[in-house]
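A.B. asks:
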Amino acid sequence: MTDYLNEYCMHDHTCGELRSDAVGDEVTLAGWVWHNRDHGGLIFVDLRDREGYTQCVFDPDCVSEADFHTAEHLAREWVIQVRGTVRARDDEAVNPNMATGQIEILVSAITVLNTSVTPPFAIEDGIETDETTRMKWRYIDLRRPEMYDALLLRHKVTRAMRAALDERGFLEVETPILANSTPEGARDYIVPSRPNPGRFYALPQSPQQFKQMLMVGGIERYYQIARCFRDEDLRADRQPEFTQVDIEMSFVENEEVMDMMEDVMASTLEAVGVTHSFPLQRMQWKEAMDRFGCDRPDVRFGMELVDLTDIVRDCGFKVFSSVAQGGGVVKAINAKGAGDWSRGEVEKLADIAAANGAKGMAWIAFTTDGKEKSPIIKFFSDEEFAALKKAMDVEPGDLLLFAADTFDTASAVLAALRLHMAEALDIPREGHALLWVVNFPMFRLDEETGKYAAEHHPFTMIPESDWDKIETAPLECGSYSYDLVMDGFEAGGGTIRIHTADLQRRVLRRCGLTDEEIDVKFGHLIHALELGAPPHGGIALGLDRLVMLLAGKDSIRDVIAFPKTSSAADPMTGAPGEVSGRQLKEVSLRLL
RNA sequence: GGGGUGUUAGCUCAGUUGGUUAGAGCGCCGGCCUGUCACGUCGGAGGUCGUGGGUUCAAGUCCCAUACAUCCCGCCA
0 MTDYLNEYCM
10 HDHTCGELRS
20 DAVGDEVTLA
30 GWVWHNRDHG
40 GLIFVDLRDR
50 EGYTQCVFDP
60 DCVSEADFHT
70 AEHLAREWVI
80 QVRGTVRARD
90 DEAVNPNMAT
100 GQIEILVSAI
110 TVLNTSVTPP
120 FAIEDGIETD
130 ETTRMKWRYI
140 DLRRPEMYDA
150 LLLRHKVTRA
160 MRAALDERGF
170 LEVETPILAN
180 STPEGARDYI
190 VPSRPNPGRF
200 YALPQSPQQF
210 KQMLMVGGIE
220 RYYQIARCFR
230 DEDLRADRQP
240 EFTQVDIEMS
250 FVENEEVMDM
260 MEDVMASTLE
270 AVGVTHSFPL
280 QRMQWKEAMD
290 RFGCDRPDVR
300 FGMELVDLTD
310 IVRDCGFKVF
320 SSVAQGGGVV
330 KAINAKGAGD
340 WSRGEVEKLA
350 DIAAANGAKG
360 MAWIAFTTDG
370 KEKSPIIKFF
380 SDEEFAALKK
390 AMDVEPGDLL
400 LFAADTFDTA
410 SAVLAALRLH
420 MAEALDIPRE
430 GHALLWVVNF
440 PMFRLDEETG
450 KYAAEHHPFT
460 MIPESDWDKI
470 ETAPLECGSY
480 SYDLVMDGFE
490 AGGGTIRIHT
500 ADLQRRVLRR
510 CGLTDEEIDV
520 KFGHLIHALE
530 LGAPPHGGIA
540 LGLDRLVMLL
550 AGKDSIRDVI
560 AFPKTSSAAD
570 PMTGAPGEVS
580 GRQLKEVSLR
590 LL
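Under numbering that gives the first Met the number 0, think of the first position of the first sequence as 0, with each following residue one higher.
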């Protein structure tokens with residue numbers, strides 16, 4: 000099965016493939032010394048490669064004195080080649096925890112291909128070494144089986160997606176890395192142009208505009224495993240460069256893109272042994288916000304948000320009633336199982352609420368022995384309290400956490416608390432849950448600038464029935480948009496695009512651009528739309544996040560071969576580094 | 001830009017109220033060992049306590065600043 004791995008190289012078997020049926024065979028293996036157990040008169044060496052490991056035995060009766068002496072001085076991570084005979088282990092010597100544990104290699108000759116200094120950390124799974132240390136010596140970190148498995152999984156995912164897209168007539172097309180800065184969106188990585196002093200390329204935040212141009216160019220179905228760059232602060236699920244599976248189709252509406260994506264996802268998940276039912280649930284954005292407080296809900300557990308605004312509108316607790324009467328919302332979650340938490344533990348949750356914009360956090364605890372604890376119960380009438388308990392489905396052992404604020408802030412607060420409580424209460428979240436969140440609002444109001452901005456991006460198609468609201472009631476405009484949500488992460492997002500110049504101009508104007516700015520920054524797009532752009536739309540999947548979730552990792556750094564630290568640095572190569580004065584001069588730059 | 005946590009041996013960590021020579025496990029080096037597979041066993045080496053100031057008779061420990069890492073908020077159309 001792995002025969003091809005033994006072509007073109009200096010071994011005829013990998014370290015993971017030999018079984019009892021090979022007993023008696025003369026074999027050659029090559030790999031890294033993993034463990035070396037020297038018993039004086041007998042030496043066991045576990046030889047490891049990416050496929051597994053095999054025990055090699057050095058018996059002084061079977062190897063030359065020189066080779067035995069060599070084996071005595073082997074150390075971890077030395078690179079060796081051994082020749083020997085496959086031998087069945089005695090019954091008591093069989094290692095059931097080892098794939099190759101029924102056999103061993105009785106070595107007849109050894110060649111040291113390279114030595115190694117002592118590695119800075121152990122080459123094995125489950126280490127807790129600091130990530131910076133692992134990144135500095137990433138090449139040995141990658142020797143660890145779990146790292147290899149992550150890269151293998153990533154490879155399988157991209158391979159399955161390529162195959163599925165190819166079967167459906169998609170062309171893989173490369174788009175430029177040296178592109179133009181886009182006026183909106185994330186901060187760009189910029190690259191000076193030597194022949195054009197004072198001018199800069201920007202690395203693409205996504206191939207968005209190029210893929211739309213490909214549709215205008217008649218490619219009809221495009222995809223690309225595309226590297227994207229954003230110069231923003233990092234997170235566990237954010238890197239300065241990351242990979243999108245970027246897809247675009249012509250002559251489609253939103254349902255068709257989602258159907259296509261589900262088919263591609265279905266074969267991708269199948270290829271990596273994950274079962275999930277299709278078709279996927281399609282949840283309206285508003286419903287996601289109402290029920291989960293966020294547009295990428297983890298639907299593997301409940302603890303949904305409950306709107307209590309009407310119940311508390313006239314209650315004696317001024318914080319609630321004034322918010323309710325002032326146009327805000329009062330919502331709560333029921334953290335079942337936290338009812339016996341101490342007051343101190345509960346009050347600490349207010350820090351999480353505050354971090355998400357809340358001014359405070361009310362709570363009511365229902366202890367398992369039937370008592371009620373809370374600083375706010377006294378403000379409610381019996382009827383109000385009964386209605387509240389009914390709405391929250393209260394039982395002994397429950398802890399209610401409240402947010403009274405604007406819809407946006409209350410949602411953010413409770414969404415954060417919901418995830419925190421799920422973690423704290425160890426609520427099971429096994430397997431994977433995919434769904435679509437659809438129909439995002441087209442615009443949102445930027446409170447700082449007072450301007451409207453596109454929620455997804457300004458190329459998103461608006462349902463025709465909402466076109467007249469672009470100028471009059473932008474916040475009520477819907478959009479043909481769809482996010483693929485997986486386990487509480489945005490695994491992908493897409494839209495149907497605007498394909499007529501007039502509508503595109505109206506949307507860009509609504510985002511605060513003048514006609515002149517539109518011509519300068521988006522002239523190429525407008526021209527393209529004027530030259531017979533077909534209806535089109537697409538989606539981009541966050542490959543790193545998808546693989547992270549499938550691999551069960553907490554960080555996309557674990558599924559990227561050479562990731563960067565939170566300051567966007569690479570401890571291995573030292574990037575970003577300084578450049579010489581001559582290099583700066585060549586691109587007409589001077590440092591401040 | 002803001003907040004939390006952390007930085008002590010190659011790795012992972014402990015280090016009490018500020019008080020003798022800063023410890024442990026793993027790893028490493030040397031000896032012994034023919035059935036181990038986290039081999040065992042005996043011995044040994046290894047430290048600018050992130051960096052810079054300060055308080056003090058005395059600082060790993062207290063204070064200030066700073067760097068780096070990591071998580072979160074902002075940000076990420």
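Even glycine gets a Cβ: it sits at the ideal position worked out from N, Cα and C. Computed from a prediction, not measured in an experiment: that's the story for all the values here.
Kindly indicate which three-state DSSP category N35 falls into: helix, strand or coil?
C.D. replies: strand
A.B. asks: For D37, which residues in the same chain have their Cβ closer than 7 Å to its Cβ, ignoring the five residues on either side in sequence?
C.D. replies: E71
A.B. asks: In terms of residue numbering, what span does the beta strand (DSSP E) encompassing A201 cover?
C.D. replies: F199 to A201
A.B. asks: Tell me where the alpha helix (DSSP H) around Q582 begins and ends.
C.D. replies: G580 to E585
A.B. asks: Give the secondary structure of F120 by DSSP, where H, G and I count as helix, E and B as strand, and everything else as coil.
C.D. replies: coil
A.B. asks: Rounded to whole angstroms, how far is the Cβ of L424 from the Cβ of M485, which I believe are closer than 8 Å?
C.D. replies: L424 to M485, Cβ: 22 Å. No contact.
A.B. asks: Which class does D543 belong to by DSSP, given the choice of helix, strand or coil?
C.D. replies: helix
A.B. asks: Please list the terminal residues of the continuous alpha helix (DSSP H) segment that includes K155.
C.D. replies: P144 to E166
A.B. asks: Within the continuous alpha helix (DSSP H) that includes D397, where are the two ends?
C.D. replies: In this chain, D397 is not harboured by any alpha helix (DSSP H); it is covered by the beta strand (DSSP E) spanning D397 to D404.
A.B. asks: Flag this pair as yes or no: are the beta carbons of E261 and L279 separated by less than 8 Å?
C.D. replies: A contact, by the Cβ cut-off of 8 Å.
A.B. asks: Which of the three DSSP states is assigned to Q238 in this structure?
C.D. replies: Per DSSP, reduced to three states, the secondary structure at Q238 is coil, with no helix or strand assignment.
A.B. asks: Between which two residues does the alpha helix (DSSP H) holding K600 run?
C.D. replies: Not covered by the structure: residue 600. The range shown for the chain is 0 to 591.
A.B. asks: In its own chain, which residues sit with a C-beta less than 8 Å from the C-beta of V305, not counting the 5 before and 5 after it?
C.D. replies: Excluding residues within five positions, the ones whose Cβ falls inside 8 Å are K330, A331, I332, N333, A390 and M391.
A.B. asks: Identify which residue in D397, N253 and H523 has its Cα closest to the Cα of I461.
C.D. replies: For I461, the nearest C-alpha among the options comes from N253.
A.B. asks: Report the CB separation of V93 from G100 in whole angstroms; it is logged as a contact under 8 Å.
C.D. replies: 6 Å
A.B. asks: Specify, as a first and last residue, the run of the alpha helix (DSSP H) that G522 falls within.
C.D. replies: G522 -> alpha helix (DSSP H) spans D514 to E529.
A.B. asks: Leaving out the 5 sequence neighbours to the left and right, which residues in its chain are closer than 8 Å to T274 when beta-carbon positions are compared?
C.D. replies: The answer, listed in chain order, is L268.
A.B. asks: Looking only at its chain, what residues have a beta carbon closer than 7 Å to the beta carbon of S565, apart from the 5 residues adjacent to it on each side?
C.D. replies: L233
A.B. asks: In whole angstroms, give me the CA-to-CA distance for K347 and A409.
C.D. replies: Going from the Cα of K347 to the Cα of A409 covers about 18 Å.
A.B. asks: With a threshold of 16 other CB atoms inside 10 Å of the CB of K335, please say whether the residue is buried or exposed.
C.D. replies: buried
A.B. asks: Is it the case that the segment 286-300 contacts the segment 402-417, given that we only count it when at least three CB pairs across the two stretches are under 8 Å?
C.D. replies: Yes, since at least three Cβ pairs between the segment 402-417 and the segment 286-300 fall closer than 8 Å, the two stretches touch.
A.B. asks: Taking 8 Å as the threshold, find out whether the segment 105-116 comes into contact with the segment 74-81 through three or more Cβ pairs.
C.D. replies: yes
A.B. asks: Is the distance from the Cβ of E480 to the Cβ of V519 below 8 Å?
C.D. replies: Correcting the residue identity first, residue 480 is Ser in this sequence and not Glu. Contact annotation: S480 and V519 have beta-carbon atoms that are not nearer than 8 Å.
A.B. asks: Within its chain, find whatever has a CB closer than 8 Å to the CB of L590; leave out the 5 residues flanking it on each side and keep chain order.
C.D. replies: Cβ within range, chain order: L583.
A.B. asks: Given a cut-off of 8 Å, decide if V558 and A568 are closer than it, judged by their beta-carbon atoms.
C.D. replies: no
A.B. asks: Tell me, to the nearest whole angstrom, how far the beta carbon of V56 is from that of I104; I am working on the premise that it is less than 8 Å.
C.D. replies: About 7 Å separates the two Cβ atoms, so the contact holds.
A.B. asks: Counting only the same chain and skipping the five closest in sequence on each side, list residues whose C-beta sits under 8 Å from that of E50.
C.D. replies: Closer than 8 Å at Cβ, skipping near neighbours: T1, L4, T13, C14, G15 and E16.
A.B. asks: Take the Cβ of V578 as the centre, count every other Cβ of all protein chains shown within 10 Å, and call the residue buried at 16 or more, exposed below.
C.D. replies: exposed
A.B. asks: Compute the Euclidean distance between the alpha carbons of C293 and H419, then round it to the nearest angstrom.
C.D. replies: 14 Å
A.B. asks: Can you grab the Cα-Cα spacing for the pair L152 / I310, in whole Å?
C.D. replies: 50 Å
A.B. asks: Would W439 and D236 qualify as a contact pair, given that the criterion is a beta-carbon distance under 8 Å?
C.D. replies: Reading the sequence as shown, one finds Phe at residue 439 and not Trp. Cβ distance not < 8 Å, so F439 and D236 don't count as in contact.
A.B. asks: Using DSSP with H/G/I as helix, E/B as strand and the rest coil, what is Y138?
C.D. replies: helix
A.B. asks: Do W31 and E76 have their C-beta atoms closer together than 8 Å?
C.D. replies: yes
A.B. asks: Is DSSP giving Y3 helix, strand or coil here?
C.D. replies: Correct three-state label for Y3: helix.
A.B. asks: Give me the Cβ distance between A453 and D445, rounded to the nearest whole Å; I'm assuming they're in contact under 8 Å.
C.D. replies: Their Cβ separation, rounded to whole angstroms, is 11 Å, which puts A453 and D445 out of contact at 8 Å.
A.B. asks: Considering only the alpha carbon of each residue, which of K210, A361 and I218 lies closest to I224?
C.D. replies: K210
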